[in-house]
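There are 2 protein chains.
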Amino acid sequence: MSNPTTAPAKILTIEDEPPIRNSIVAYLEDSGFTMLEANDGPSGLEIFRHEHPDVVLCDLRLPGMDGLEVLSTITAESPETPVIIVSGVSLLNYAVQALKRGAWDYVTKPIQDMAVLESAVRRVIEHAELQRQNREYRKHLETLNRELRQTLKYLEQDEKAGRRIQFQLLPEDNRTFGGYTFRRRLYPSTYLSGDFVDYFPIDDRHVGFYMADVSGHGAASAFVTVMLNTLVIKYRDALYLAGDDTVLNPQLTLQRLNGDICRQSLEKHLTIFYGVIDLEEGTLRYSNAGQFPYPVLHDASGARTLECPGRPIGLFNEVEFKARQCELPPQGDLLLVSDGILELMPEAVLLERLNALLPAMEAMNLDRLAEELGVLPDRQLPDDIALLAFSRGRGNG
Amino acid sequence: MSNPTTAPAKILTIEDEPPIRNSIVAYLEDSGFTMLEANDGPSGLEIFRHEHPDVVLCDLRLPGMDGLEVLSTITAESPETPVIIVSGVSLLNYAVQALKRGAWDYVTKPIQDMAVLESAVRRVIEHAELQRQNREYRKHLETLNRELRQTLKYLEQDEKAGRRIQFQLLPEDNRTFGGYTFRRRLYPSTYLSGDFVDYFPIDDRHVGFYMADVSGHGAASAFVTVMLNTLVIKYRDALYLAGDDTVLNPQLTLQRLNGDICRQSLEKHLTIFYGVIDLEEGTLRYSNAGQFPYPVLHDASGARTLECPGRPIGLFNEVEFKARQCELPPQGDLLLVSDGILELMPEAVLLERLNALLPAMEAMNLDRLAEELGVLPDRQLPDDIALLAFSRGRGNG
């Protein structure tokens, strides 16, 4: 099809009466169209197939092949080509049939004013062009969508695969070490989490655990959690392999971690609470590098937060962390929630809720606890949320 | 607008001659349409605004307000509502004007056959419905497109941020240790790489380097490269902190790495070539865990590959790696390319090309070398490709 915006549109008129055909051709040529003409259906179709006109004007009463048949053939072969029926007034009923078969318009003969015909021609050309643009745009959108979906699918699968790896690095849920049962949950705001938790036996007498929150979220932050996880594993190895007991000392562990993270110059920092339980003494030694909200310790007498301000890791080469210690109640729980929770409720409300929830903590699934705190399944979280809890002197102990 | 697929379409006829109006209303009501009627422009517009008819039939010659004005008002307020002009044959020229102003069709009065009018009505309803579906579909596609783009943008930014972190973990390019100048390139097939390289001074006398390729690619594999990078850093630390010289021994380093990776149960394995240069002796001790193609060593006498088969890391808990050693030429280069290159050319072709390229290696930028090997800028790589090279006894030495 010729492009109506650059070349003059090509009009094919199929009309057996020479005077009418000639006057149509003369008028429309004067109006700037390129004219093709045929005096019966078969030759009209031949020209149509060869020249791909932009518009076909077709009489209904034609010798040899009926106008309706010509119309049906063109409409079947090229539904986007406008056909205008030009026929006698007495054939109006017939014209209606033509319109039903796909004619775009009809003009009655005798043509009292050729401007009416020209107007009809211009109208269908414009309409056909609009339809074409519409089709193109739709096709363009559909192609684009397909491509976007594909790229998206690839990236989603990629991040999901990353997420599987990250979750494999988490400790097994519901593990008991010397009477302390540890549980954990990780709810990333997208696929990959900047929050991370771990707990592990250090030696026969000590259990270590931490909750960390890397600045930002997503892949970049998740990378740093992998680094953190690996580093702490190697701190533990250093004890077995070289008798280096840094990992037993929360203050020194955070110090070393700060050195190791700063050395990488990653423009990422992290907050981390690291604790070591002495199973014999029933005490908790801990140090905190900016992790907030503070842990909540709960026993028969109620709940209290372990206030422990401190600066994050990865920001300053020289930074001191404070060594802290507390007794652990014979029966009770310690709960850590990462600061993503504060996007769902202010701290005061959180503490109030925890006060109400902690007495039932023992029987409570961590998912249930998370739900009570507003971490609903399918809720789009504004930030990653992690939960880490241990219970002592309970059923599992 | 009433929904033409469930409720009968509402037609408003604006016609000042009661007999004509009545016959139109009667005929179209019989045909199943809901009819609204007005006998002049202002009341017609009022009904139009109040009832939102699906089609408006409008006479041109109306008392009070001209039909063209009614048409223009409706077209401006609701371009998607079809207006059909019903006017006297003597007004044909006027009708053309109406069509130019946006009338969808015209029917000449006297209406010889009401079926013609009905046909016109049905045609514009169908057309309007198609247009509506078209608009809806387009809007749907556009919304989808916008949403897809947004999600995609988020994920791309996420992976790009991850990529920045991963590249920050790479050693500085073009570093010289005791006469050995190291260079490296990483060309991930997407954002995140499963290939990784590193080089570092171990002590005054030794320099270590490795090239690794984690199974798969993307985020999950990149996580394992972060783990690898962190582990090797801690092996180096173990030497300073505890005198553990594993990192000086390639065979034992791979052994330890295998233990550390297997312990994580990640369902990921990796190939790695690890070498330690003794700067005093000018020797290279190395061990290979399945990394392929083998390194190519080049000196004045030509190029040769360091054949060093071995099994990958992370697949078997118990696996032995072979300790190997070779003299380093006083002047020469060692080049490692990861197996992504074999997706671009078979090994034989690679070796042939390297033979031709290595004599010019000294002056050659690694990007240039990569280009010569088919790693063209903007080429979509089927797999990650890494390059690691060191030169000895050259300009920088």
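Protein chains in written order, with the numbering used here: chain A, 1 to 397; chain B, 1001 to 1397.
Virtual Cβ for every residue (Gly too), placed ideally from N, Cα, C.
Cα atoms of Y235 (chain A) and L1231 (chain B): separation of roughly 11 Å, rounded to the nearest angstrom. Burial check for A386 (chain A): the Cβ neighbour count within 10 Å reaches 16 or more, so the residue is buried. Spanning the alpha carbons of A303 (chain A) and Y187 (chain A) requires a straight line of approximately 24 Å. Contact of V1226 (chain B) with chain A by beta-carbon distance below 8 Å involves F223, V226, M227, T230. The beta-carbon of E129 (chain A) is placed no less than 8 Å from the nearest beta-carbon of chain B. V1055 (chain B) carries a strand assignment under DSSP once its states are collapsed to helix, strand and coil.
Among the residues of chain A, those whose CB is under 7 Å from the CB of R1123 (chain B) are L99, following chain order. Annotation for Y1094 (chain B): L1060 place their beta carbon closer than 6 Å to its own, counting only its chain and skipping 5 residues before and after. Taking the Cα positions, R392 (chain A) is about 5 Å away from Y180 (chain A). The three-state reading of DSSP puts E280 (chain A) in coil, since its state is none of H, G, I, E or B. Proximity to L1334 (chain B) across B:V1086, B:G1340, B:L1354 peaks at B:L1354, based on C-alpha coordinates. Using a C-beta cut-off of 8 Å, the stretch 157-164 of chain A makes no contact with the stretch 310-328 of chain A, since fewer than three inter-stretch Cβ pairs fall below that distance. Close CB contacts of S1072 (chain B) within its chain, under the 7 Å cut and outside five residues either way in sequence, are with R1101 (chain order). The three-state secondary structure of D237 (chain A), taken from DSSP, is helix.
Within the stretch 1173-1257 of chain B, the alpha helix (DSSP H) runs of at least 4 residues that lie entirely inside it are, in chain order, 1219-1242.
Within chain A, the residues T230, L231, I233, K234, Y235, D237, A238, D260 have their CB atoms less than 9 Å from the CB of K1234 (chain B), given in chain order. Separation of E267 (chain A) and G1218 (chain B) (C-alpha to C-alpha, rounded to the nearest whole angstrom) is 22 Å.
Under the criterion of beta carbons closer than 8 Å, L12 (chain A) and G44 (chain A) qualify as touching, at roughly 7 Å. In its chain, beyond the 5 residues on either side, T1013, E1015, E1037, N1039 have a beta carbon closer than 8 Å to the beta carbon of R1021 (chain B).
For P1312 (chain B) against T1271 (chain B), the beta-carbon gap comes to about 5 Å, under 8 Å, which counts as contact. Taking a Cβ-Cβ cut-off of 7 Å, the neighbours of A161 (chain A) in chain B comprise G1218, A1219, A1220, given in sequence order. DSSP assignment within the stretch 19-93 of chain A yields the following whole beta strand (DSSP E) runs of 3 residues or more, N-terminal first: 34-38, 55-58, 83-88. Here E1126 (chain B) is exposed: its Cβ has fewer than 16 other Cβ atoms, across all protein chains shown, within 10 Å.
In the three-state scheme derived from DSSP, where H, G and I count as helix and E and B as strand, H1298 (chain B) is classed as strand. DSSP, reduced to helix, strand and coil, places L270 (chain A) within a strand of the structure shown. Annotation: G1332 (chain B) is outside any alpha helix (DSSP H); the continuous beta strand (DSSP E) that includes it extends over 1332-1337. Each residue's CA atom was taken as its position, placing Y1240 (chain B) and L1336 (chain B) some 28 Å apart. Under the 8 Å Cβ criterion, the stretch 1135-1146 of chain B does not count as touching the stretch 1323-1332 of chain B, having fewer than three qualifying pairs. At a beta-carbon threshold of 8 Å, none of the residues of chain A lie near L1068 (chain B); the nearest stands roughly 15 Å away. At a C-beta separation below 9 Å, D195 (chain A) has no neighbours in chain B, since its nearest C-beta there lies roughly 16 Å away. Below 8 Å, enough C-beta pairs join the stretch 1116-1126 of chain B and the stretch 1022-1029 of chain B to call them touching: three or more. One thing to note: V207 (chain A) has its Cβ within 8 Å of the Cβ of I277 (chain A). With fewer than 16 other CB atoms across the displayed protein chains lying within 10 angstroms of its CB, H50 (chain A) is exposed. R1285 (chain B) carries a strand assignment under DSSP once its states are collapsed to helix, strand and coil. When secondary structure is reduced to three states using DSSP, F1292 (chain B) falls in the coil class, being assigned neither helix nor strand. Of all residues in the stretch 1162-1190 of chain B, only G1162, R1163, R1164, I1165, Q1166, Q1168, L1169, T1190 place a beta-carbon less than 9 Å from a beta-carbon of chain A.
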